[in-house]
Every structure is written in C-alpha cells, then in structure tokens.
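Undergrad: Numbering of the sequence shown is given in my numbering, commencing with residue 482 and proceeding in unit increments.
The beta carbon of each residue, even a glycine, is placed where N, CA and C say it ideally should be.
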Amino acid sequence: MEKMVVSTLKWFLECYKLLDMSQSGFKNRRRTTDHILRLHDTVQKYLANQHHVLAIFIDLEKAYNMVSHQVLLFKLVQMGINGRMFNFINSFLSVTRSKCD
482 MEKMVVSTLK WFLECYKLLD MSQSGFKNRR RTTDHILRLH DTVQKYLANQ
532 HHVLAIFIDL EKAYNMVSHQ VLLFKLVQMG INGRMFNFIN SFLSVTRSKC
582 D
C-alpha cells in the first residue's frame, strides 16, 4: 500500500511541478547522488578560477521523526493533496504517533 501511495504522490508532485527543479530525491530518474556530482562540478569550477569553496553538510538521518505531523498535513493541503490520499496519510501518521507515545 505504501508503494502505491509513494508512486501516486510522486506522479502528483511531478505532474503539477510542485518539487524544486534542483531536488533529486523523490523524483523519477534522479538520485540523491546527483547532488554530490553537482557539488563536485561546482567545486572544480570555482577551484579552477582560484576561488575559495566552503561546503556545509547536515545529517538529516532522523529528520522524519522530528517533523511536526500537523505542519506536514497543512503543507499537503496547501499543495492540493486532499481526499482519500490525504485521509490515508493522516491515518498513517496517526498510527505512527500512537506507536511513539
């Protein structure tokens, strides 16, 4: 069931161009490693022109557990996700919340 929801969400977000063009994760034919390649190319370009380069990396491994479900649901509504899809996600998050309590 979750794979079907993810597939439908991907289609919806891409169809209505709701994802930033530079985003790689959660997009078809794109991977998070695309960011590493983009960073490498940028660093090479700046170093070739003798500029300084600074990169900051943030580990978001447990970010999902820190996301406010109410804020997430609000954002989904803002993006036009409603009806059965919204109800399913809301129900899923409710079950997740009750397991964590």
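Please report the distance separating the alpha-carbon of ARG519 from that of LEU535.
TA: Distance between the alpha carbons of ARG519 and LEU535 is about 14 Å.
Undergrad: Flag this pair as yes or no: are the beta carbons of LEU574 and PHE567 separated by less than 8 Å?
TA: No, they are not a contact pair.
Undergrad: What is the rounded straight-line gap between the Cα of LEU541 and the Cα of MET502?
TA: Rounded to the nearest angstrom, the two C-alpha atoms are 21 Å apart.
Undergrad: Using CA atoms only, rank isn't needed, just tell me which of TYR497, ILE517 and CYS496 is closest to SER505.
TA: Checked all of TYR497, ILE517 and CYS496; the closest Cα to SER505 is ILE517.
Undergrad: The alpha helix (DSSP H) that contains ARG519, what's its start and end?
TA: Looking at the DSSP string, the run of the alpha helix (DSSP H) that includes ARG519 is 514-529.
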